[in-house]
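First to last, the sequence lines map onto chains A and B. Start counting the first sequence at 0; every next residue gets the next number (numbering that gives the first Met the number 0). Start counting the second sequence at 0; every next residue gets the next number (numbering that gives the first Met the number 0).
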Amino acid sequence: MPHTPQRVARSLTRFGRPPPVKKPLHRNWRTRLPIPHVPILGREFAPCRLETHYHATLAEDTMYMTYIHEAGPRPPPRQIRLTYDPSNPYARFRANPPVGGDQLGKKPPPPDSPSNVIRLEKIVIHSFLKTAIVSRSNLLGLIMALRALTGETEKGAGKHAVKGVEVVYGKKSVGGWIRPDIPVGAKVELRGAPMYDFLAQLVEFVLPRLKDFPGILLPPPAASDHSPSAVSGVVSIGLTPTAMQFFPGIEVNLDAYPRSYGMHIHFVTNATGVGAENRARALMSGFQLPFTRR
Amino acid sequence: MSVPLARPCRRAAHLVSRSLATAAVSPSSPPPHAPHKSPKPVLYTSVILNRSPILTPSPTTFERAFYAYQQRIRRALHNPFPSEFYFKQGSLLEAHYNAEERARERVAWGPKYAREEDVSPEKRAAEQAALDQTEMQEQSDDKLVSRVHPSDAARDYHSLDRKGRRNLYLLVERPSGASSVWEFPRGETQQGELLHQAAHRDFHAQCGNHMDTWIVARKPIGVYKPPALETSPEDITFFFKAHIMAGQVRPQLPLKDFVWVTKQEIEKRVKKDYWQGVKDMLSDH
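The structure is reproduced here in structure tokens:
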């Protein structure tokens with residue numbers, strides 16, 4: 000939109016005196032802290048460069064690149080017999096998939112519409128630390144590193160859905176390696192502005208400084224289009240421990256960390272159905288993530 | 000058994016009827032009530048060459064007030080920052096951070112709300128001296144580049160640096176009869192050529208090879224049909240989106256001129272029905 004220069008007479012960063020309190024606020028029974036009348040929630044506090052780039056350029060381009068023209072509405076899906084007779088009271092509230100499974104890998108993508116233009120939903124970073132099995136205190140360095148990388152803290156700025164850096168626990172018992180319910184790693188989920196900030200750091204500071212990194216390897220042409228990863232719309236990469244020192248948030252006090260940590264990064268998009276991973280790659284390529292063939 | 004047989008039979012019947020139809024249309028004996036058949040439409044391809052924004056948009060007054068308010072909320076509700084992890088106790092960097100943080104608190108909450116100082120005046124003076132010293136060392140001659148380019152002030156429509164906050168599009172001036180029209184670079188397709196190949200060939204034939212461009216997809220992003228004239232065959236123009244990465248347009252004859260313009264400036268230059276046909280393909284950003 001055109002922006003006309005506007006003369007601002009008053010300061011925008013200062014506000015008037017708060018209204019006088021006529022009735023005392025309710026207080027939290029445990030902390031004795033006042034509860035405000037309205038839910039106070041931190042939202043975007045600065046314009047986000049990559050998000051602007053997405054709306055100004057990328058959304059349009061990826062829509063043109065991934066659009067599949069369909070003449071008219073789709074025919075209704077074929078009715079496939081269920082595995083067990085649904086009229087049987089025994090099968091009524093039990094799992095009853097169609098014969099031959101639910102064919103997840105063969106589901107076509109939903110029809111293209113303005114509401115499902117491909118977009119980046121979240122970035123998940125996680126790291127497994129083998130030494131944490133021996134002593135859980137070894138996780139502290141990793142947790143601090145992830146926190147410095149992403150800036151996420153639990154319920155930061157009043158956002159209750161933000162979980163910050165989470166500790167990952169073992170799920171099952173594998174002889175001589177892992178046991179259930181022992182802390183073995185850490186993960187962070189990024190959404191919104193922190194997600195774009197992390198992505199910008201990755202593609203502008205880290206990847207260009209990696210030695211012998213031609214780009215993220217694409218699967219060979221013979222790879223299946225129907226595998227669970229190919230239809231899920233997620234682009235995953237792994238970073239070696241040497242890559243961590245290139246993040247500007249880590250670089251400033253690298254000697255504060257006991258060691259470097261590698262990490263897995265998953266870029267989760269809203270693409271689903273056959274070809275979803277390719278569409279996700281098209282989007283991530285627009286954010287300057289390099290892809291290459293073997 | 001019947002299905003595989005049915006298809007060739009139907010096709011054969013179709014062929015027979017077609018051959019009969021061509022025989023009937025022969026000039027010797029025109030049918031009495033033949034519908035008026037318009038001549039074949041002429042297909043054109045047109046490239047909408049886009050220069051993406053090179054600057055972030057300037058926030059509006061409302062946006063700035065919103066961000067300022069949200070920054071205050073964030074400052075009030077943030078989790079404690081482990082400054083002792085990032086800065087060594089008593090280091091120069093810590094003094095620098097503390098001074099900056101005090102300044103930010105003053106901006107957010109006003110001078111009355113600033114944190115109480117628990118440092119002695121001597122220590123404060125020593126900190127200040129250290130800060131001044133680092134400031135002297137870190138002084139650089141780098142200056143921020145202005146967000147307004149000289150080509151904006153000069154109204155240089157040929158420059159790719161103008162209007163850095165907006166999407167720019169290439170318009171070319173094509174002579175048409177005695178006058179000329181502004182439109183996106185357009186060329187006619189050739190026999191047996193695919194649309195996206197035609198778009199690529201025509202575009203470089205008209206605008207020169209002195210630029211690095213990328214046509215976004217093989218699919219056209221839109222179509223435009225001018226109001227039909229009785230005498231001439233119908234024109235159909237398919238549009239393709241492209242980006243310019245480097246270089247500049249060098250219009251070849253018979254093109255007269257070119258401009259890099261925003262969506263709003265396109266409306267002023269092109270014909271009304273052309274604008275109605277293309278306006279939804281252009282970005283408001």
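A virtual CB, placed ideally from N, CA and C, is assigned to each residue, including glycine.
Residues that A/Y66 contacts on chain B, provided the C-beta gap is smaller than 7 Å: Going along chain B in sequence order, the residues near A/Y66 (Cβ under 7 Å) are K218.
Using a Cβ-Cβ distance cut-off of 8 Å, determine whether B/S51 contacts chain A. Closer than 8 Å: yes.
State the DSSP-derived secondary structure class of B/S179, mapped to helix, strand or coil. Three-state result, B/S179: strand.
Give the residues of chain A in contact with B/F84, contact being defined as C-beta atoms less than 7 Å apart. Chain A residues near B/F84: M143, A255.
Between A/Y168, A/P19, A/V251, A/T291, which has its C-alpha nearest A/D211's C-alpha? Nearest C-alpha to A/D211: A/T291.
Do the segment 69-89 of chain A and the segment 223-241 of chain B make contact, defined as three or more Cβ pairs closer than 8 Å? The segment 69-89 of chain A, when compared against the segment 223-241 of chain B, does not touch it at the 8 Å Cβ threshold.
How long is the line joining the alpha carbons of A/E151 and A/G184, rounded to whole angstroms? Rounded to whole angstroms, A/E151 and A/G184 show a C-alpha spacing of 16 Å.
Compare the Cα-Cα distances from A/R16 to each of B/V41, B/S51, B/K111 and report the closest residue. Selected option, being the one with the closest Cα: B/K111.
Please state the DSSP three-state secondary structure of B/I265. Correct three-state label for B/I265: helix.
Straight-line Cα distance separating B/V46 from B/I243: Cα atoms of B/I243 and B/V46: separation of roughly 11 Å, rounded to the nearest angstrom.
Between which two residues does the alpha helix (DSSP H) containing B/E121 stretch? Segment 120-137, the alpha helix (DSSP H) holding B/E121.
Comparing the C-beta of A/R31 with each C-beta of chain B, is any distance below 8 Å? A/R31 does not count as touching chain B.
Among A/R146, A/E153, A/A242, A/V167, which one has its Cα closest to the Cα of A/R135? Out of A/R146, A/E153, A/A242, A/V167, A/V167 has the C-alpha closest to the C-alpha of A/R135.
In the structure shown, what three-state DSSP assignment does B/G276 receive? Helix at B/G276.
Runs of alpha helix (DSSP H) wholly within the segment 142-219 of chain B (minimum 4 residues, chain order): Counting only runs of 4 or more, we get 149-152, 194-206.
Alpha helix (DSSP H) runs contained entirely in the segment 51-96 of chain A, provided each spans 4 or more residues: The DSSP assignment places 58-65 as complete runs of the alpha helix (DSSP H) inside the segment 51-96 of chain A, in order along the chain (cut-off: 4 residues).
CA nearest to the CA of B/E134, picked from B/S119, B/L91, B/E121: When B/S119, B/L91, B/E121 are compared, the shortest CA-CA separation from B/E134 is found for B/L91.
Assigned secondary structure, A/T130 (DSSP; H/G/I helix, E/B strand, else coil): Three-state DSSP puts A/T130 in a helix.
Do the segment 118-125 of chain B and the segment 160-170 of chain B touch if we need at least three Cβ pairs shorter than 8 Å? No: fewer than three Cβ pairs fall under 8 Å.
Measure the alpha-carbon distance for B/F84 versus A/N252 and round it to whole angstroms. Rounded to whole angstroms, the gap between the alpha carbons of B/F84 and A/N252 is 9 Å.
Contact between the segment 259-270 of chain A and the segment 233-245 of chain A is defined here as three or more beta-carbon pairs at a separation below 8 Å; is this criterion met? Inter-segment contact for the segment 259-270 of chain A and the segment 233-245 of chain A is present: three or more beta-carbon pairs are separated by less than 8 Å.
Does the segment 53-73 of chain B touch the segment 183-198 of chain B, meaning 3 or more C-beta pairs lie closer than 8 Å? In short, these stretches do not touch, since the Cβ pair count stays below three.
Hey, is the segment 48-65 of chain A in contact with the segment 117-137 of chain A, meaning 3+ C-beta pairs nearer than 8 Å? These segments touch.
Interface flag, A/A45 vs chain B, CB-CB below 8 Å: Yes, because at least one Cβ of chain B sits closer than 8 Å to the Cβ of A/A45.
What separation, rounded to the nearest whole angstrom, lies between the Cα atoms of A/K121 and A/C47? Straight through space, the alpha carbons of A/C47 and A/K121 are spaced by roughly 15 Å.
Out of A/D180, A/D224, A/I142, A/P179, point me to the one whose CA is closest to A/E165's CA. Ranking A/D180, A/D224, A/I142, A/P179 by Cα distance to A/E165 puts A/I142 first.
Taking only beta carbons into account, state which residues of the segment 232-260 of chain B come closer than 7 Å to chain A, listed in chain order. Cβ contacts with chain A come from K240.
Quick one: using the 10 Å Cβ neighbour count with 16 as the cut-off for buried, is A/G285 buried or exposed? Looking at its Cβ environment, which holds 16 or more other Cβ atoms inside 10 Å, A/G285 is buried.
Just to make sure I have the definition right: I need the residues of chain B whose C-beta is within less than 7 Å of the C-beta of A/N252. Which are they? Contacts between A/N252 and chain B, judged by CB atoms closer than 7 Å, involve Y85 in chain order.
As assigned by DSSP and simplified to three states, the class of A/Y168: In the structure shown, A/Y168 adopts extended strand secondary structure according to DSSP, grouped into three states.
Nearest-angstrom beta carbon gap, A/V273 and A/D224 [assumed within contact, 8 Å]: Confirmed, about 6 Å.
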